[in-house]
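First the structure, in the form of structure tokens, and then the observations on it.
Residue numbers (the UniProt record's numbering): 1 to 375.
Structure below.
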């Protein structure tokens, strides 16, 4: 070793030493950067940040309501309340059933500055939804709603949407939490103030004995019968979509239905079907993603045509567990499943119910055209 050092010129040794020191410094800087980034992520968790893991789901609403889902989502995304789309669909079902030119019944609301303030003055459905989404946002923010599953605060927000913002102060002065009794009491008080005008009449027979004829005292129940709450976890978190560590979860979650499920075309679009293991191919995929916290489509409106527009198209050579795979069976993208690995997928099959299938099977090879998507 000493002989080698004597042979190598001194200036070369100095240069080599500097290179080694530089490389060490670069590696050390990288480690420190990663550590700082991790600490930064942790600090976000400590502040109580919320990661939404489900929008909830809308149930048993009319096709007239479901057709407005893209419009609601567009405005909800613009105003930062996209996780609450399902709840707004449920609300629209109660407000108008999706019918008319003011489907969100926003004419009398604060955000309508274009049309008169009488019922059904708005003649532009898009404007109605634009104003209604803002009204909804104001209500959930004022109520302190933290997630699509925060039902205590959601109930306050919904009732205030119907009664007006005065209900927030009333709840705050009477325990701070929505109850049906508070809704009745507030309605009674407000009705006594306006009864002499003759403009207010009980919307429901149930309200008549109480003389609670201001607004709708059963509005919360009326909306929530169309809504199943979402879930929430505190702290940060990654995208719960496919193609990652959670990709294997969405690929595995449906195994519980193997041998216990039935394929029915159009099935799996209500909670009763799902409880009995009744699905078709697209409703099974929607259900599986919901189990890992990803909302893909309204429960009653999912199809291969809605799923084949979500996420990003990826090469079949690059598909990963949790990716969504389409087949040209009776039509283009007529069947859909979830990738388990390069050779298998899980889905609800016509003659088997939920099962794991071999992609090397001649039938699947014949109908697979390479369409794979990553949600």
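All residues carry an ideal CB built from backbone N, CA and C; glycine is no exception.
Computed from a prediction, not measured in an experiment: that's the story for all the values here.
The beta-carbon separation of residue 135 and residue 109, rounded to 5 Å, stays under the 8 Å limit for a contact. Within 10 angstroms of the beta-carbon of residue 192 lie fewer than 16 other beta-carbons, which makes it exposed.
In the DSSP assignment, residue 74 falls within the alpha helix (DSSP H) that extends over 69–78. Two segments are said to touch when three or more pairs of C-beta atoms, one from each, lie closer than 8 Å; by this definition the stretch 273–290 touches the stretch 341–349.
The stretch 210–222 makes contact with the stretch 153–168; the number of CB pairs closer than 8 Å reaches 3 or more. Under DSSP, residue 58 forms a beta bridge with 227.
Secondary structure remark: continuous beta strand (DSSP E) runs of at least 3 residues inside the UniProt domain "NlpC/P60" (244–375), in chain order: 312–314, 324–327, 335–339, 344–349, 353–358, 372–374. Counted as a single uninterrupted DSSP element, the alpha helix (DSSP H) harbouring residue 138 occupies residues 125–143. When DSSP states are grouped into helix, strand and coil, residue 217 belongs to the coil group.
Only residues of its own chain outside the window of five on either side were considered, and among them 163, 167, 170 have a CB closer than 7 Å to the CB of residue 186, listed in chain order. Put simply, the stretch 86–93 touches the stretch 127–141. At least three CB pairs are less than 8 Å apart.
Rounded to the nearest whole angstrom, the C-alpha separation of residue 121 and residue 115 is 6 Å. Between residue 325 and residue 339, the gap from beta carbon to beta carbon is short of 8 Å. Per DSSP, residue 91 is one residue of the alpha helix (DSSP H) stretching across 85–95. Residue 199 carries a coil assignment under DSSP once its states are collapsed to helix, strand and coil.
Nearest to residue 107 by C-alpha distance, out of 117, 99, 101, is 117.
Rounded to whole angstroms, the gap between the alpha carbons of residue 165 and residue 207 is 21 Å. With a beta-carbon spacing of about 7 Å, residue 84 and residue 76 fall inside the 8 Å limit used to define contacts.
Taking a contact as a CB-CB distance under 8 Å, the pair residue 262 and residue 277 counts as one, their CB atoms being some 6 Å apart.
Bounds of the alpha helix (DSSP H) holding residue 151 are 151–163. Residue burial is scored here from C-beta neighbours: residue 102 has at least 16 other C-beta atoms within 10 angstroms and is therefore classed as buried. Within the same chain, and ignoring the five residues on either side of residue 300 in sequence, the residues whose Cβ sits closer than 8 Å to its Cβ are 58, 59, 60, 61, 66, 269, 270. Of 212, 140, 228, the smallest CA-CA separation from residue 189 is found for 212. With fewer than 16 other Cβ atoms inside 10 Å of its own Cβ, residue 198 counts as exposed. Proximity to residue 225 across 137, 111, 151, 322 peaks at 151, based on C-alpha coordinates. Taking the Cα of residue 96 as reference, the smallest distance to any Cα among 113, 119, 80 is reached at 119. In this structure, residue 160 sits near residue 139, with a CB-CB distance shorter than 8 Å. Residue environment: residue 331 is assigned as exposed (fewer than 16 neighbouring CB atoms within 10 Å of its CB, all protein chains considered). Taking a 10 Å sphere around the C-beta of residue 147, we find 16 or more other C-beta atoms and assign the residue as buried.
If you draw a 10 Å sphere on the C-beta of residue 112, you find 16 or more other C-beta atoms in it, and that means buried.
Measuring C-alpha to C-alpha distances from residue 257 to each of 275, 266, 104 identifies 275 as the nearest. Between the C-alpha atoms of residue 323 and residue 204 there is a straight-line separation of about 49 Å. Residue 87 and residue 361 have their alpha carbons spaced roughly 42 Å apart.
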